[in-house]
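Student: Let me begin by handing over the structure; questions about it come next.
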Amino acid sequence: MSSKAQEVKLSKTLSWILRHGALAEKLPIQNDGFVKITDLLANRNFKGVTIEMIKHVVDTNDKKRYYMELVNGEMMIRANQGHTLKEVDNVELRKVNTVNDIPVIPPATHSMVIHGTYKKHLVSILEKGLNKMDRNMIHFAIGDNGGVTSGMRNGCDMVIIIDLQLALDDGIEFFLSANDVALTNGIDGILPKKYFEKIIDRKGMTIWQR
4 MSSKAQEVKL
14 SKTLSWILRH
24 GALAEKLPIQ
34 NDGFVKITDL
44 LANRNFKGVT
54 IEMIKHVVDT
64 NDKKRYYMEL
74 VNGEMMIRAN
84 QGHTLKEVDN
94 VELRKVNTVN
104 DIPVIPPATH
114 SMVIHGTYKK
124 HLVSILEKGL
134 NKMDRNMIHF
144 AIGDNGGVTS
154 GMRNGCDMVI
164 IIDLQLALDD
174 GIEFFLSAND
184 VALTNGIDGI
194 LPKKYFEKII
204 DRKGMTIWQR
């Protein structure tokens, strides 16, 4: 297996453990999402892995999915967002108070909050809104669909542009993760169509507009 393939495999294993599988693997995970590196390295999924290999994945991951820090002499790691574990309910998030709290990501010229999905789900989304599904919160990328690095799958063929100002005006809370992914619980886990400004394909052609 090539070095790059090993890095991808390790990143996928980290993603699964830190976001979804820690409890299934009997790994202690704090409510802020942190897991001890020593516990990870002792797990069967990390046989032959070193702390240096994990640090390299953390430092080079293009979506900045992970964060490591030294706490009381113990090296810890967490996923910045994307958790389905209900026990993880205190991940470091910054509350979005105004639209101006959302960074402007080139080539966008103003703050944008978008959600990447698939055209096959269009009818259901327009009927029922965006659902957090099995995740703890609904995830959004910031910036237009050409400048996104985190918060949206590369294979998405449809982008929902959110009217963040309207949502904030209606009291819906949004947050930013450490790697600048926007998150919300919406209303009981759903963000209704009312807060969709426009839906476009990945080429920028309008599919639906409010």
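Residue numbers (the numbering used here): 4 to 213.
We put the CB at the ideal spot given by N, CA and C, even for glycine.
1) Does Met-155 come out as helix, strand or coil in the three-state DSSP assignment?
2) Sorted by chain position, which residues of the same chain lie with C-beta nearer than 6 Å to Thr-87's C-beta, five sequence neighbours on each side aside?
3) Quick check on the DSSP output: the beta strand (DSSP E) that includes Lys-201 runs from which residue to which?
4) Are Val-99 and Gly-36 close, meaning C-beta to C-beta below 9 Å?
5) Can you give, in chain order, each stretch of the beta strand (DSSP E) that sits fully within the region 28 to 91 and has at least 3 residues?
6) For the alpha helix (DSSP H) containing Val-11, list its first residue and its last residue.
7) Using DSSP with H/G/I as helix, E/B as strand and the rest coil, what is His-142?
8) Using 10 angstroms around the beta-carbon of Met-208, count the other beta-carbons present and answer buried if the total reaches 16, otherwise exposed.
9) Under three-state DSSP, which class holds Ile-164?
10) Give the C-beta separation of Leu-17 and Val-60 to the nearest angstrom, bearing in mind that I take them to be a contact with Cβ-Cβ under 8 Å.
11) Anyone know if the C-beta pair for Ile-164 and Val-102 falls short of 9 Å?
12) Nearest to His-113 by alpha carbon, out of Gly-146, Tyr-198, Glu-200, Arg-68?
13) Closest to Val-126 by CA distance: which of Met-71, Lys-196, Met-140, Leu-73 is it?
14) So the candidates are Ile-193, Gln-9, Met-79; which of them puts its Cα closest to the Cα of Gly-51?
15) Go ahead and pull the three-state DSSP assignment for Lys-131.
Tutor: Short version:
1) Locating residue 155 in the sequence shown gives position 152, counting from the first residue. Coil at Met-155, not helix or strand.
2) As a working note, residue 87 is residue 84 in the sequence shown. Closer than 6 Å at the Cβ level, and outside the excluded window around Thr-87, lie His-23, Asp-137, Arg-138.
3) By one-based count along the sequence shown, residue 201 stands at place 198. Where Lys-201 is concerned, the enclosing beta strand (DSSP E) stretches over 199 to 204.
4) Taking the sequence shown and counting its residues from 1, one reaches residue 99 at position 96. Taking the sequence shown and counting its residues from 1, one reaches residue 36 at position 33. Going by C-beta atoms, Val-99 is not nearer than 9 Å to Gly-36.
5) 69 to 74, 77 to 82
6) Translated into the one-based positions of the sequence shown, residue 11 becomes position 8. Per DSSP, Val-11 belongs to the alpha helix (DSSP H) from 6 to 19.
7) Residue 142 sits at position 139 when you count from the first residue of the sequence shown. DSSP places His-142 in strand when its eight states are reduced to three.
8) In the sequence shown, counting from the first residue as 1, residue 208 sits at position 205. Flag for Met-208 reads exposed.
9) What you label residue 164 is simply residue 161 of the sequence shown in a count that begins at 1. Correct three-state label for Ile-164: strand.
10) Here the question's residue 17 lines up with position 14 in the sequence shown. Here the question's residue 60 lines up with position 57 in the sequence shown. Contact flag correct, Cβ pair sits at about 7 Å.
11) As a first step, residue 164 must be located in the sequence shown, where it is residue number 161. As a first step, residue 102 must be located in the sequence shown, where it is residue number 99. It is not a contact, given that the beta carbons lie outside the stated cut-off.
12) If you number the sequence shown from 1, residue 113 lands on position 110. When each option's Cα is compared against that of His-113, the closest is Gly-146.
13) Mapped onto the sequence shown, residue 126 falls at position 123. Of Met-71, Lys-196, Met-140, Leu-73, the residue nearest in Cα terms is Lys-196.
14) If you number the sequence shown from 1, residue 51 lands on position 48. Here the closest residue by C-alpha is Gln-9.
15) Taking the first residue of the sequence shown as 1, we reach residue 131 at position 128. Note: Lys-131 maps to helix in three-state DSSP.
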